[in-house]
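Just so we're aligned, residue 40 is where the sequence shown starts under the working numbering, counting upward by one. All residues carry an ideal CB built from backbone N, CA and C; glycine is no exception. Heads up: the structure comes next, in structure tokens.
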Amino acid sequence: MSIETKSIFDEVPQRYQTDSQKWQKYEGQDILPMWVADMDFKAPAPVLDALHERIDHGIFGYARPEKSTVDAVLEMLERNYNWKVQKEWLVWLPGLVVGLNVASNAFLAPGESVLTNTPIYPPFMLGPKFQSRAVSKAPMVLDGGRWVIDWDAMEKAITPDTKLFLLCNPHNPCARVFDRSELESILEFCEKHDLLCCSDEIHCELLLDGRKHTPIATLSEDASKRVFTFIAPSKTYNLAGLGCSIAIIPDASLRNRFNAATRGIVAEVNNLGYTACEAAYRHGDQWRNELLDYLAGNRDLIHNFIKNETPQASVYQHEATYLSWINVEKLGLADPVAHFESHGLGLSDGSFFGDKNHVRMNFGCPRSTLQEGLNRFKKAIESIS
40 MSIETKSIFD EVPQRYQTDS QKWQKYEGQD ILPMWVADMD FKAPAPVLDA
90 LHERIDHGIF GYARPEKSTV DAVLEMLERN YNWKVQKEWL VWLPGLVVGL
140 NVASNAFLAP GESVLTNTPI YPPFMLGPKF QSRAVSKAPM VLDGGRWVID
190 WDAMEKAITP DTKLFLLCNP HNPCARVFDR SELESILEFC EKHDLLCCSD
240 EIHCELLLDG RKHTPIATLS EDASKRVFTF IAPSKTYNLA GLGCSIAIIP
290 DASLRNRFNA ATRGIVAEVN NLGYTACEAA YRHGDQWRNE LLDYLAGNRD
340 LIHNFIKNET PQASVYQHEA TYLSWINVEK LGLADPVAHF ESHGLGLSDG
390 SFFGDKNHVR MNFGCPRSTL QEGLNRFKKA IESIS
């Protein structure tokens, strides 16, 4: 007798032999992949329907966004964040990481540097380095169970050559949603030191427990002149492989510099990326709301499990994303990821984020998958003598 699933997100998909980087990494091994930030959920039905319709058209030439696609983005931004964005501000990109590399090239001369907070997801540090630009790091600190910006560390990290601040909000991997007062302090810091601010807000639709996102670019007139913002439907609607991201650059001079740095190098967004983006932003809200409830349940499962079953590890206040930042320092492991892999669990290595004492667990998966991952997590810890 079959058991009816409680949620569409309880369905366990088969991702082997489907060109999935996440699952290919450990193919042929009994290692459950819970590392890279892509979810084990099918995209929303309206997105799949739109893609089927576009495929049935049968022609896939060079693409440009239709007016309806642009309007879908603008309407989403105004509906969700009361942000009245002009269509001219949008720069379409085949990926957000591409945008980080372009930004380093466009706004930094050789020898100039970016400033960012650590821990941080790897492209924040790698993107500038790939463009031969330096990276200054200001470690965040804990305020109770919340990661916050250390302003003393920020002042110490900045140099006369620092020209760009890279902000991640909601934060990956710390799962923080910076509130308005924190964002105002960031903007004041950028004004004080005459920094441009690149705000990666790709997780802005993945806020848990009813929290609301505030784009930093909306705070003031000055913000609109020095801030540019990256968004994408990829994380929220599990569309990363379709390669469609957006830079929102209100200032015409900055936009021209950014566009100039893309010419002849950055590929165009493909037909299906535009189609999926429009469908997600127009018709994905109900699916997203159900997803957020499900992710909150997964988050709670992790926190309760670690508290009760593996107190040798610890987690923090978790406000957004489906990525859990887990402290494993007390385990005394020379290579935490290798240890967990040897017990059948594939996690992201904290050292790539700037902190070797942590691992990152992707809980954007069916609850049964998460429970199996946590069981393996526990066995790995119990094996330590």
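CB contact flag (residue i, residue j, <9 Å)
i: P178; j: G393; result: yes
i: V86; j: G323; result: yes
i: G166; j: L206; result: no
i: W128; j: I288; result: yes
i: L413; j: R399; result: no
i: V153; j: F204; result: yes
i: K168; j: A196; result: no
i: F391; j: V130; result: no
i: T201; j: L234; result: yes
i: A300; j: N396; result: no
i: L362; j: L409; result: no
i: K417; j: G383; result: no
i: R172; j: E151; result: yes
Nonlocal neighbours in the same chain, by C-beta distance under 8 Å from residue i, ignoring five residues either side
i: D248; result: A335, E358
i: D49; result: P405, R406, S407
i: N277; result: D77, M78, F80, K81, A82, G403
i: S46; result: E329, Y333
i: S437; result: Because residue 437 is not part of the residues shown, which for the chain are 40 to 424, the question remains open.
i: D88; result: A318
i: P372; result: The sequence shown places Leu at residue 372, rather than the Pro named in the question. Result list for L372: H378, I423, in chain order.
i: I42; result: Confidence is the limiting factor: at I42 the pLDDT is only 47, short of 50, which leaves the residue's position unreliable and the question unanswerable from this model.
i: A84; result: W326
i: L331; result: L245, L246, L247
i: R250; result: V216, E358, A359
Integer-rounded CB distance, given that residue j should sit under 8 Å from residue i
i: G184; j: Q356; result: 4 Å
i: H263; j: D290; result: Going by the sequence as given, residue 263 is Ser instead of His. S263 to D290, Cβ: 7 Å. Contact.
i: P254; j: Y320; result: Incorrect: roughly 15 Å between the Cβ atoms, too far for contact.
i: K126; j: L113; result: 6 Å
i: H210; j: W190; result: That pair is no contact at about 16 Å.
i: V141; j: V266; result: At roughly 16 Å, the Cβ-Cβ gap does not stay under 8 Å, so V141 and V266 are not in contact.
i: E221; j: I188; result: 7 Å
i: T155; j: V174; result: 7 Å
i: S224; j: T268; result: About 18 Å; that fails the 8 Å criterion.
i: I70; j: E380; result: 6 Å
i: T275; j: Y120; result: T275 to Y120, Cβ: 14 Å. No contact.
i: D427; j: E230; result: Any property of residue 427 remains undetermined from this structure, which presents the chain solely from 40 to 424.
7 Å CB neighbourhood of residue i in its chain, flanking five on each side removed
i: I425; result: A query on residue 425 cannot be resolved here, the shown segment of the chain reaching from 40 to 424 and no further.
i: V136; result: P162, G166
i: Y65; result: P72, G385
i: P104; result: W131, Y313
i: A192; result: A177, P178
i: R219; result: T253
i: F146; result: K202, L203, L235, R296
i: V180; result: V187, D189
i: K110; result: Here residue 110 turns out to be Asp, not Lys, going by the sequence shown. For D110, where only same-chain residues beyond five positions count, there are no Cβ hits under 7 Å.
i: E411; result: L71
i: Y55; result: W62, E66
Any non-hydrogen atom of the ligand GTP within 8 Å of residue i CB
i: A84; result: The ligand GTP is absent from the structure shown, which contains no ligands of any kind.
Cβ shell of residue i (< 6 Å), same chain only, five flanking positions each side left out
i: K61; result: P72, V75, D77
i: D388; result: V376
i: M40; result: Bear in mind that a pLDDT of 33 at M40, under 50, signals an unreliable position, so the number given afterwards is only what the model happens to contain. Here the set comprises nothing.
i: T157; result: K176, P178, G393
i: I345; result: A352, V354
i: R294; result: I288
### Query
Between the region 239–254 and the region 201–221, are three or more C-beta pairs nearer than 8 Å?
Short answer: they touch.
### Task
Indicate whether the contact test is met: 3 or more Cβ pairs, each with one atom in the region 310–321 and one in the region 279–287, closer than 8 Å.
Short answer: they touch.
### the region 345–353 / the region 363–378 touching (three or more Cβ pairs under 8 Å)
yes
### Task
Entirely within the region 63–133 and at least 4 residues each: give me those alpha helix (DSSP H) ranges in chain order.
Taking only runs of at least 4 residues, the alpha helix (DSSP H) segments lying wholly in the region 63–133 are 84–96, 106–120.
### Query
What are the start and end residues of each continuous alpha helix (DSSP H) run of 4 or more residues lying completely inside the region 250–324, in chain order?
260–265, 273–276, 291–301, 310–322
### Task
Answer yes if the region 91–106 comes into contact with the region 299–311, meaning at least three C-beta pairs across the two stretches below 8 Å, and no otherwise.
yes
### Query
Could you give the uninterrupted runs of the alpha helix (DSSP H) lying entirely in the region 185–223, keeping only those of 4 residues or more?
190–196
#### Entry: Ranges of the alpha helix (DSSP H) found wholly within the region 355–396, counting only runs of at least 4
375–380
### Query
At what residue ranges does the region 130–165 contain a whole run of the alpha helix (DSSP H), taking only runs of 4 or more?
135–146
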